[in-house]
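Chains as they are written, first to last, in this note's numbering: chain B, 316 to 824; chain D, 316 to 824; chain G, 5 to 454; chain H, 5 to 454. What follows is a set of notes on a single structure, which appears directly below.
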Amino acid sequence: MFLRQRESLSFDRSVPGKRGMDLPKLDVPAAQDTRPAHLKRTGFDALPELSEVEVIRHFTRLSKWNYGVDDGIYPLGSCTMKHNPRLNEKVAGLPGFTDSHPMAPDALVQGNLEMLFTLQEWLKEITGLPGVTLQPSAGAAGELTGVMLIRAYHVAQGAKRRVILIPDSGHGTNPATAAMAGYEVVELPSRPDGTISFEDVTDPVNGKVRKGLQTLVRELGAEIAGAMITNPNTVGVFEYRFKEISDLLHSVGALVYMDGANMNALVGVARPGDFGVDVMHLNLHKTMSTPHGGGGPGAGPVCCVEKLLPFLPVPVVMRDTVKVGEGEVPRHTYRMAWNRPQSIGKVHTFYGNFGILVRALTYCLSHGSDGLKEATLRAIVNANYIRARLKGAYALHIDSPSLHEVVFSDTLQAKHDVHTLDIAKRLIDHGYHPPTIYFPLIVPGALMIEPTESEDKGELDAFCDTMLAIAKEAETDPEALHQAPTLAPLRRMDETTAARKPVLRWTKA
Amino acid sequence: MFLRQRESLSFDRSVPGKRGMDLPKLDVPAAQDTRPAHLKRTGFDALPELSEVEVIRHFTRLSKWNYGVDDGIYPLGSCTMKHNPRLNEKVAGLPGFTDSHPMAPDALVQGNLEMLFTLQEWLKEITGLPGVTLQPSAGAAGELTGVMLIRAYHVAQGAKRRVILIPDSGHGTNPATAAMAGYEVVELPSRPDGTISFEDVTDPVNGKVRKGLQTLVRELGAEIAGAMITNPNTVGVFEYRFKEISDLLHSVGALVYMDGANMNALVGVARPGDFGVDVMHLNLHKTMSTPHGGGGPGAGPVCCVEKLLPFLPVPVVMRDTVKVGEGEVPRHTYRMAWNRPQSIGKVHTFYGNFGILVRALTYCLSHGSDGLKEATLRAIVNANYIRARLKGAYALHIDSPSLHEVVFSDTLQAKHDVHTLDIAKRLIDHGYHPPTIYFPLIVPGALMIEPTESEDKGELDAFCDTMLAIAKEAETDPEALHQAPTLAPLRRMDETTAARKPVLRWTKA
Amino acid sequence: MRYLPSSPAEDRALLDAIGVARAEDLLTGIPEPLRLKGGLDLPLQGSEQEVTWQMLDLANKNTRFCAQFLGAGAYDHFVPSAIDAMVCRQEWFTAYTPYQPEISQGTLQHIFEYQTLICDLTGLEVTNASLYDGGTACVETALMAVRVAKKRNIVLVSEGLHPLYRQVLKTNFAPHDDLQLVEVALKDGVTDLADLQAKLNGDVAAVMVGYPNFLGAVEDLTALAGPVHAAGALLVSVTQEALAFGWLEAPGKAGADMACGEAMSFGNKPNFGGPYLGFLAVKDAHKREIPGRVVGQTKDLDGRTGYVLTLTAREQHIRRDKATSNICSNQGLVALRANIYLQLAGPEGLKGLAEQNVAKAQYLRQRLLELPDMEPMFEAPFFNEFVLRYKGDMAALQEACLAESLLPGLDLGRFYPEYQGCILWCATELHTRRMIESLVEILARVPATV
Amino acid sequence: MRYLPSSPAEDRALLDAIGVARAEDLLTGIPEPLRLKGGLDLPLQGSEQEVTWQMLDLANKNTRFCAQFLGAGAYDHFVPSAIDAMVCRQEWFTAYTPYQPEISQGTLQHIFEYQTLICDLTGLEVTNASLYDGGTACVETALMAVRVAKKRNIVLVSEGLHPLYRQVLKTNFAPHDDLQLVEVALKDGVTDLADLQAKLNGDVAAVMVGYPNFLGAVEDLTALAGPVHAAGALLVSVTQEALAFGWLEAPGKAGADMACGEAMSFGNKPNFGGPYLGFLAVKDAHKREIPGRVVGQTKDLDGRTGYVLTLTAREQHIRRDKATSNICSNQGLVALRANIYLQLAGPEGLKGLAEQNVAKAQYLRQRLLELPDMEPMFEAPFFNEFVLRYKGDMAALQEACLAESLLPGLDLGRFYPEYQGCILWCATELHTRRMIESLVEILARVPATV
Ligand SMILES: Cc1ncc(COP(=O)(O)O)c(C=O)c1O
Ligand SMILES: Cc1ncc(COP(=O)(O)O)c(C=O)c1O
């Protein structure tokens, strides 16, 4: 609507002599040029010359080719696209926060330290775990921090161990993290119900036997540093034998890492600290609604059990209580503790994505214990409603009880040569963002739908109606689906050429 | 793009039990019900029940059916749709301004008073007139204030007089204002060049003679309270005999009001105080780029000559200079002067659209004297470029030199039964907002185009190319133009039924 | 300059296409002697950083308060963050009046919703897209009443109407030698029925009363409607604190024929008095006399529902000197704020907020009355404002409050000589018990009456 | 609760359609013993007003300054208002990673533009969609260098690299028993060439130096490139103050093989250290080893140009434990801020701003050196930071500054025992001559050395 054509690259619209930024008058003597001749800036090849008008228009027009959570349901499974309250944005922009300098002495940033401490307290209570670091910038960074904690613990015990177990349903960040932390990854097979298999599993196609948890624990024993388990797992199902799994791992001295990307299904309902988790991360950009920003920034705090406390990254935010007179309310001061000899060190230059943490605390205070639980339950109800409405029309490859998301497969449509990608692209034509597709890998042609608690019945019904219409269309007019999207600004993209002959930046023609 | 369908009225989406606002916990005793029974609120028929999520989505989606200045050129003539700097919005939102109370004693709002005083000084220098009131909320309110000043002046001289002269090219607010101020309107005819006719004019169609300025002044003499003259006029042409006009009016004791809606063509280039204007208004939402807000708020300050000062609305913002020691910078304090016996009184409850005035001063400070003049010149260049490019394809009913806007007529297209409305609607299909149409009334099928200084050559060319394509299309495919718009969310609207059987609010079905 | 997009080379190309050497050559239409010689005597352009600092400096020169107990037509309520977040979308705040409906359905549908809500709140049938503010809304309403009532030329105005609204009325009635504004006295804080009766006659077009009035008191519209209607006049209810509609019956249902006033309370800060939101609502029978823009629902060529500006035959751009008003630009964006605010609040939110305002004001009054120097004045029910007589030294009270960053209520002596020594206090949902308690503590310490 | 849209009746309808009585019945997948008994021991929900006040209260507990002379990896620059105004459009800030290109061209094209600009600034050919921050960017770059250099297992790190970046490097190298981080000493404020030569050998994969370094000094990349390349290692330039790219030659043109660092200076406030913007740029030959998301240009079925995430075969969601990194979410919105900032600034703005920074820092240094207790330390050219030795009492200096709401530079003793008593000062375009003069005046009054 009201979009004339594609918005060209700003480099192609640069005109010499335009400027979008005026400089203040210089009120001190001009700079002396102290640079060696060969380090003088020679110029720029791309930096465009534009006025403010054109920059504003460029980014306004470009924005219109995006879809955001205020456009409607954004059912990306595992990504938890909730309502992003504007209050959180406003609070994060308070100058008291934004102007504060990370190198300022503790006494001058007491508000920040109290903010961090308070958020830590909320996360501890929510996870049931006594240790927290807010430093990791995202889920993957949290995973890495967590696995490094595991490693530091084992090293302190005398041996770093060699292996991390990860279910085949796990997110790609899990094995990548384990590798970055110097571990070898051994895959745990899933059962048909999507949960981790204790027993060995024989591949129905090639007959290959994949060792189950029991075998692996027995065979690898003290080689196992830990396991990284997503719970609820990426099929939206609670690992109902979690306690047994953790007991088994603990029995060989291994630790249990929980990928908490799906923690929004558990907040107020179950606490990882209560079922054997030693260390986990939370994605505040999922569970606590901090905005995704078109890719980030997020925040991936790590929570852990008592015995991992000494290894937490520095600095650790501490509260000291100032003793006051009898009957008076105690006063608190806050400080950063840097001197922690067993710490793994720093995992972020400063203290993590502070502005995101501010938003997360604002979310917590707005919801409170009652609202947090309510949000969890409603997210689960919404997912199950979609499941109830679409079951039948789409195949449920795994039929275990869904929590906050439901994963369908394209097997029913595949009969008409219609596949997950076609369904996803057709949704775009109807004005919906598609779900997560082809993940988890254990579900063929996965369509992973997570509505979150932010959708009401009206929006859920509209989405389901569309999905059902597409299922019907798959039978009656599969070609329409192969051609989709046709109403979007672009049709399907040539991703192969993009990867084979990559053009990764603009260059002067 | 990404719009599923029309956004329904929120009343139709209301669901009992939803809420978009939580109340703070009440920390005082609950209210005692002191209302008489018949004044207790019985309820609401329309107020919808929605969550914050839905309210945000509603207003986000609705916004997408609008066109704004960041979407591209917005060439509404006379409306001066300039770039709206975000700095001005930010400054107007500073809590020091927004939290300040209009009934607070002067000593507590010195910043506001200095702001108002400073803006007054800028407007005085820009118009060359020594008096200013910032109270009027818009151009029309400024006109009314101005004409009431004229009336108060005449009353003080002994007789309020009876008539206000207004050219037939004038904006509707001019005669409407004169009537609201208790005056009779006598119309001044225009010459073929668009300016006010000194001589009588014979209508070529019906042969009726319309009296020119000279005749009217001679005949009405001391009955004339004043004239309201737009300059540059609504055809974008400077009234080149302005000085003579004002001399003539002054000779019978009448005053000259200038409608300054087009002052953006004069800022830094010519000053009304220098050519005989006694009183005028400025539309800060045009000349000073304050945003139009989909209809308002604007600000219509009035500037006037010395002899009208005593009549200005109360309060008047004054500066007192505090004497300090030799060589020191003098300190200033500011106050509101209320006790002005000859004042016409108040024209706004408080001090006008303060937040808009803040934006206007920010605009002034950003541009400075050099930038203000540069903006004027570029606006004039842009209008003349469009004129040069479209001349030939569209008829210039009036060929006088254009300043900031150019008015075409549809006479060339009318031969193909294509009219101004068709051209306007076709522009929508191309993704442009149409120009002002059918105004001024003295140009048949007027297309009044004002690009402002905010457009660069690229945007001007794109617009002109489209206009030229439409002119061609008028010859080759007039029906396409009659059908336009076809790419907008709606086709042409049934305005007749809307007015005959008005539906002015939603009612429960 | 960052806002001026053309580059020197582009400028050259434009001038060449026009066929002039310099931009100044395009000024030929302006006679040489009328052109400005030399430049404007004003500072040169400023960078964004410099201008930000200059304006911040001004904003910081205003005194900041922990709590303001001042209302008097400008109410400090909590503004939900969603409002600024929506309004700052350029599609909303930069658009012009929706002259071209096909490209302005956002604004048009919003106004239609806003009109619906104003009608709902006031219990009347027709309203417009907004007026400038409370004072000018009174003017438009009074003038409309005179048009509607035909031949009648007197408008009675209760002294309980906001004194500044009355000043604006006076200014705008002055040019009309044929019209008369007559004030009706107060008694016990509300319009004096006896004085009203005395002044009602066959020339009275309308009677305007505050609801609640400037002193915070709830006028009994129903009781007033009797004599007013009996005299053949229209009863106009004027509301300066629109949040009261969450607590008080809609004026249209309580006996008023017209309702007008100020709705800044819906989503705005005090903002030193503007931009605010004037409103006016009338009965269906009077709709063709209403001033200002009005949006109506209709269909497009394909039968799809949409919205347009309508009843334009009333307006100045069509009817010129016969128009119902000269108003053109209005307060559109402030109406959008109100629309969003009301949709967020919903019926429960609005009622709940209104009740909290009453509770806070009642508590404030009760606590202030514990002070020996404070005395009650009126017994009429009040919404979030009320008057107390202060026997102490007004200047000392003022000073004591300011020293603790509290802004006290309004010294009524400024507008009502008879209420010299009285203070108009206001409390809203923004006033915590603690703030109220600190106020009382501070006042308790003010030196006793001399 | 205002964020939870379903009404009770809708909830009922949903549960009925699912076929359960209560939402809790859907928790059957969670074994009963693992469920939380009782609720969370946390406060109940808060209204927007209450939460705003709570958070405002926290924000206000931080000390505010008139001027901060502290940089050290977090620079306070002016942020044009256009940035917040754009970023707050929901289409930008709420969107997810652009997995579905047809519905995410806005984000994709922005990233492509951002990549172009990072390449332009660094003089290198390939970059990614962002990394977390300066410290983690160093980690990714060091690990990438090791992958690229094959078989070489040592990374030399100049002590001029930000001490916290070095700590992050250390943390992340710890798990890799096969890799070694070795520090290279400083001399006269820049990397000691002799020490570097001594430590270079056939096992060295890369050498990382600050440009400018933590002490503000400009390292001579070209001079360093000689020995580094001679030893077959890669030279990595690490920039913690990206505005310096407006003044200093692009590292890729000055001899560096890779450039990484922190670009928070482009459109962000200090924000207590995050979210910031890590970047990394490399040569084309190394592109398939780069970590993180990368956007490429391509065509759609109709041949129209568009953008997609590409080279995904490197990434964790495809390659799992063989991926070039585990990074998934990055700092997208901060990259958008940088993109807008750079497009507003343009070449002239960026150079001009950089020169103003140099001018302010030179002036600050000159004025500080007028104080008897201040002594110069290094002679290397510097951008907007420099080190002086302070012979006075550091605590007294700190106290004197704070009393006047000025935040002094960094006490280097915290990170460099050898520079005990030295201060790292910073000045940017935000420091006016007056601020600098007040600082000097205040320092002049600090009690003399004991
Ligand atoms: C299950 C799971 N684990 C880990 C991650 C990685 O989180 P982040 O993107 O915050 O690094 C994701 C994100 O999509 C995820 O879904
Ligand atoms: C020439 C002219 N005069 C007066 C006005 C009225 O100004 P406002 O809408 O600010 O009341 C306008 C507005 O369009 C105008 O163009």
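For glycine and all other residues, C-beta sits at the position ideal for the given N, C-alpha and C. Quick caveat: nothing in here was measured; it's all calculated off a predicted structure.
- B:Asp360 has its CB no nearer than 6 Å to any heavy atom of ligand 1.
- Within a 10 Å sphere around the beta-carbon of G:Thr140 sit 16 or more other beta-carbons, which makes this residue buried.
- At least one C-beta of chain H is nearer than 7 Å to the C-beta of G:Glu52.
- Interface flag for D:Ser769 against chain B is set, since a Cβ pair is found closer than 7 Å.
- By the C-beta criterion, the segment 637 to 652 of chain B is judged not to be in contact with the segment 373 to 388 of chain H, since fewer than 3 inter-stretch pairs fall below 8 Å.
- Two segments are said to touch when three or more pairs of C-beta atoms, one from each, lie closer than 8 Å; by this definition the segment 501 to 508 of chain D touches the segment 474 to 487 of chain D.
- For D:Gly773, the neighbours in chain B by C-beta distance under 9 Å run, in chain order, Arg328, Val330 and Glu369.
- In this structure, B:Asp771 places its C-beta atom within 7 Å of the C-beta atom of H:Pro9.
- DSSP, read as helix, strand or coil, puts B:Lys405 in helix.
- Under a 10 Å Cβ-count criterion, B:Ala496 is classified as buried, with 16 or more other Cβ atoms of the shown protein chains found around its own Cβ.
- Counting only unbroken stretches of 3 or more residues, the beta strand (DSSP E) elements lying wholly within the segment 687 to 768 of chain B are 721 to 723 and 762 to 764, in sequence order.
- The criterion of a C-beta distance shorter than 7 Å is satisfied by B:Pro749 and B:Ala739.
- With a cutoff of 7 Å on beta-carbon distance, G:Phe249 and G:Leu125 are scored as near each other.
- Straight-line spacing of the CA atoms in G:Leu18 and D:Ser724 works out to 23 Å.
- Remark: the C-beta of B:His486 is in contact range of ligand 1, defined as less than 6 Å to any heavy atom.
- G:Thr316 is not a Cβ neighbour of G:Glu293, given a cutoff of 7 Å.
- Near chain H, meaning a CB-to-CB distance below 9 Å, no residue of the segment 317 to 335 of chain G qualifies.
- Residues of the segment 371 to 387 of chain D with a C-beta less than 9 Å from any C-beta of chain H: Ile371 and Thr375, listed in chain order.
- Proximity of the beta carbon of D:Ala496 to ligand 2 is not indicated: no heavy atom of the ligand is located closer than 6 Å.
- Going by C-alpha positions, B:Thr822 is about 24 Å away from B:Thr375.
- The alpha-carbon separation between D:Lys622 and D:Gly457 amounts to approximately 18 Å.
- Within chain D, no residue has its CB atom less than 9 Å from the CB of B:His682, the nearest being about 11 Å off.
- Scanning chain H for C-beta atoms nearer than 9 Å to the C-beta of D:Leu449 yields nothing, as the closest lies near 24 Å away.
- In this structure, G:Cys332 has its beta carbon less than 6 Å from a heavy atom of ligand 2.
- G:Phe73 has a beta carbon lying at 7 Å or more from every beta carbon in chain H.
- Each of B:Arg350, B:Arg321, B:Pro339 and B:Ala361 was checked against the Cα of H:Gln347, and the nearest Cα belongs to B:Ala361.
- The contact set of B:Gly335 on chain G, defined by CB atoms closer than 8 Å, consists of Arg6 in chain order.
- With fewer than 16 other Cβ atoms from the protein chains shown falling within 10 Å of its own Cβ, D:Gly522 counts as exposed.
- Excluding sequence positions up to five before and after B:Ser366, its CB lies within less than 6 Å of the CB of Lys333 and Gly335, all in the same chain and listed in chain order.
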